[in-house]
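What follows is a set of notes on a single structure, which appears directly below.
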Amino acid sequence: MRSSPTIAHAFLVLSTVSVALASGPAARGQTAVAVSPAQEATIEAGIRDLSAQWSTAYLRNDPAILERIWAPDFVYVEPSGHRFTKAEGIAALKQSGEQHTISEASSIDVRVYGGGTVAVDIGDYTEAGRDKDGKPFERKSRFTNVWVLKDGAWRCVSGHASMIPAQP
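Final position of the sequence shown in my numbering is 488; the numbers increase by one with none missing.
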């Protein structure tokens, strides 16, 4: 792990959100429209549903879900610091051989930006099952994902996870 994961994580989130906002309506000379509380609640519920679908992709070993919800330019940073693209992540799921018995996102906090065109969710992820060699695993992490509304659909453009240490 890095010497200062909190600072590195904050930098990743801020830089990703900055890029997303920089490509939004204001960057194109348009004024961002304010989002009503009802619209914000609808967006938040939609992002939580997409996070649940992401978990389902791993539970069912279904890369088609990730194909649909990850943007073409998607990039993810794992707790180890390894980065992967959409194509690499989907290929890894197909080849992992892991069988999940638990794959669940929880405690999801969603924030909406850019007049309802950008959302950031932060939550906890728990997964358990058996790896390709039959060895049991259980992992807990905290994630941050950046979602952008593209062509009428929400797509995840970037994400990051940090491991949550096991409690003694």
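Quick reminder that beta carbons are idealized off the backbone N, C-alpha and C, glycines included.
Asked	Found
Can you tell which of Pro399, Ser482 and Thr405 has its C-alpha closest to the C-alpha of Leu386?	Thr405
Determine the direct distance from the alpha carbon of Ser400 to that of Ser371, and round the result to whole angstroms.	21 Å
Take Arg348 and list the residues in its own chain whose beta-carbon comes closer than 6 Å to its own, dropping the five residues that flank it on each side.	Since pLDDT at Arg348 reaches only 46, below the 50 mark, its modelled position is unreliable, and the value read off the structure follows with that caveat. Result list for Arg348: empty, nothing under 6 Å.
Please state whether DSSP places Arg450 in a helix, a strand or coil.	strand
Roughly how many whole angstroms lie between the Cα atoms of Arg388 and Arg475?	8 Å
In angstroms, rounded to a whole number, what distance separates the CA positions of Ile363 and Asp451?	35 Å
Could you name the residues of the same chain whose beta carbon sits closer than 8 Å to that of Ala486, not counting the 5 residues immediately before and after it, in chain order?	Lys460
Name the residue from Ser356, Gln373, Asp453 and Tyr396 whose alpha carbon lies nearest to the alpha carbon of Ser416.	Asp453
Nearer than 7 Å: is that true of the beta carbon of Arg431 relative to any heavy atom of the ligand MN?	What this structure holds is no ligand at all, so the ligand MN is not there to describe.
So Asp444 and Ser423 are in contact, right, with Cβ under 8 Å, and what is the actual spacing, rounded?	Not a contact, Cβ separation roughly 12 Å.
For Phe394, is the classification buried or exposed, using 16 other Cβ atoms within 10 angstroms of its Cβ as the cut-off for buried?	buried
Pick out whichever of Tyr433, Gly436 and Asp429 has its Cα sitting closest to the Cα of Ile442.	Asp429
Pull up the distance between the alpha-carbon of Glu447 and that of Ala473, whole angstroms please.	27 Å
When DSSP labels each residue in this structure, what does Gly409 get in the three-state scheme?	helix
Roughly how many angstroms lie between the CA atoms of His402 and Gly366, to the nearest whole one?	28 Å
In chain order, what residues of the same chain lie with their CB nearer than 7 Å to the CB of Pro392, ignoring the 5 residues before and after it?	Lys406
Where does Arg475 fall in DSSP's three states?	strand
Would Thr421 be called buried (16 or more neighbouring beta carbons within 10 Å of its own) or exposed?	exposed
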